[in-house]
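For reference, each letter of the sequence shown is one residue, going -23 to -1, 1 to 447 in mature numbering (1 follows the signal peptide of the UniProt record, and there is no 0).
Don't be surprised by glycine CBs; every beta carbon is placed ideally from N, CA and C.
Given the structure is predicted, the values throughout are model-derived calculations rather than measurements.
Structure, as structure tokens:
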Amino acid sequence: MLTKLAALLFGGLLLLLVQPILTQSTPDYTCSPTKPWTGICGMGPTFCAPGNCTSECNAKSECDPGWGPEWSQATNCPLNVCCSKFGFCGTSAEFCDGKTVSSPECPGGKSADQRTIGYYEGWNLGRSCGLNPTTFHIDDMGPDTAALYDRVSALKTRDPDLKVWIAVGGWAMNDPGPYRTTFSDLAKSTTAQDAFFESLITFMRKHNFDGVDLDWEYPVADDRGGLPEDFDNFVTLVRRLRERLNRTGRDYGITLTLPASYWYLRGFNLQNLEPWIDWFNVMTYDIHGTWDSTVKAIGPYAFAHTNMTEIQQALELLWRNNINPGRVVLGLGFYGRSFTMKSPDCMHSGCEFTDGARGGECTGTPGVLSASEINTIIANGATVTTDEEAGVKIVTWDSNQWVSYDDAATLKIKLDYANLRCLGGTMVWAIDLDDGTLINALGSDLSRPKNELTKPPPSIPDFETEWDEL
């Protein structure tokens, strides 16, 4: 059979397709760099056994469709995705031979209504419409920020159901720089872990926090400073953290942030991480953005960053690994990914872009707009359309500016989907990007009552002196 390998990237989910064609080209997987056998290339003994190649061949397939370990890098695919008969991993029909994933269903359920999480971006203090910037560490960022921690925690006296957690990590932490390998270094050293645990517990006690969200972006991924041993070391880190927090006598929580893409999610040992955490926060946003222009399989074409099709694909990766849906929280974006389009005659999803759209007045970053900035653009006469298939809204203005975002109607679509799939809640990135419109819309769709903080705030207690040393 004459074959060609083609790659498609849907929302970061790498799908390798094998298609029949006639070719004399030399794709990535070849037996010889200049003269592949009979003009084609492939994996396994048919192509790579002695006598079948014009030169010695050491290429191995991604997974083993039955050839044996001599011809394959691994027996199975990461995350239990399908291994095609050609030795490649994927989730589409071409890989799975008609097999489908069984998704959990709770018709009429309201499980996701019971937990709503709002992230607050600490660095937004430096926006031109806000205060002063810095980064999160397991330490006070300064006297002003430390006071804000305590003021937020004090709200729990006015709402007993409120929990306040600290998030550690984030995308920028694994950017090139001094912190790039911090998570890997921490995960492989029990000595470093012990020091981190004591610092974390002291920090949470001081500010009356209820738990910690570990946002490692991403273990194992070499383009993010990861190492192969991160896969198992992260389990050790989380297990030991749970054991240490349990010894405090307080009900501290642990959550992990997960990507929506197969490419990065495969670095997480999901089944062995789950027993030690309260839930997974899945980042089902940022599925598309200006970075697509450097991905050959996608290219510079505008797509919604919170589209329902790829959200479903992301969750199916969890169901393949028997993750309890009650321990899965669906991410919602209170912002939009925006583009400057190449032609005013092509302003819909799938049209070509040249760059990110102009930065907003407050966020100031090309390619992203907060919900409040989008509302201002709409109020000034922008055109709003609905992408029914993706379950998002599209706003266009100034002949070449484009942004996808969620409003009250499309947030309800996602909340209804989270309830249908029996999920344990929703989380918002990020509440400081909203002007109150979206959080009120989301709250109105929940089956639980909205809390009103109408009482005057109490004086902030000295939490650090209230508890015994642990």
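Check, Outcome
"Can you tell me which of the three DSSP states residue 425 falls into?", "coil"
"How long is the line joining the alpha carbons of residue 312 and residue 166, rounded to whole angstroms?", "38 Å"
"For residue 299, collect the residues of the same chain with a Cβ closer than 8 Å to its Cβ; drop the 5 residues on either side in sequence, then sort them by chain order.", "248"
"So, are the CB atoms of residue 236 and residue 195 less than 8 Å apart?", "yes"
"Have a look at 209, 342 and 289 and flag the residue whose alpha-carbon is nearest the alpha-carbon of residue 393.", "289"
"Any chance you could list the beta strand (DSSP E) runs of at least 3 consecutive residues sitting entirely within the segment 147 to 184, in chain order?", "none"
"Between which two residues does the alpha helix (DSSP H) harbouring residue 138 extend?", "Taken as a continuous stretch (DSSP letters only), residue 138 belongs to no alpha helix (DSSP H), as it is neither H nor E."
"If you drop the 5 nearest sequence neighbours on each side, which residues of the same chain put their C-beta closer than 6 Å to that of residue 68?", "58"
"Classify residue 204 as helix, strand or coil using the three-state DSSP reduction.", "coil"
"How would you label residue 193, buried or exposed, when you count the other beta carbons within 10 angstroms and need 16 or more for buried?", "buried"
"In the DSSP assignment, find the alpha helix (DSSP H) that holds residue 392 and state where it starts and stops.", "385 to 397"
"Threshold first: 3 residues or longer. Then list the beta strand (DSSP E) segments lying entirely within the segment 186 to 271, N to C.", "188 to 192, 230 to 236 and 256 to 260"
"According to the Cβ coordinates, are residue 412 and residue 309 closer than 8 Å?", "no"
"What are the partner residues of residue 382, as DSSP defines its beta bridges?", "370"
"Compute the beta-carbon to beta-carbon distance between residue 95 and residue 405, rounded to the nearest angstrom, for a pair I have assumed lies under 8 Å.", "5 Å"
"Determine the DSSP secondary structure at residue 409, reduced to helix, strand or coil.", "helix"
"Going by the CB atoms, is the gap between residue 251 and residue 210 shorter than 8 Å?", "no"
"Contact between the segment 346 to 362 and the segment 396 to 403 is defined here as three or more beta-carbon pairs at a separation below 8 Å; is this criterion met?", "no"
"What whole-angstrom Cβ distance do residue 56 and residue 242 have, given they're in contact under 8 Å?", "6 Å"
"Only counting the same chain, and skipping five residues up and downstream in sequence, which positions put a Cβ closer than 8 Å to that of residue 397?", "82, 83, 84 and 86"
"Does the beta-carbon of residue 350 have 16 or more other beta-carbons within 10 angstroms, so that it is buried, or is it exposed?", "buried"
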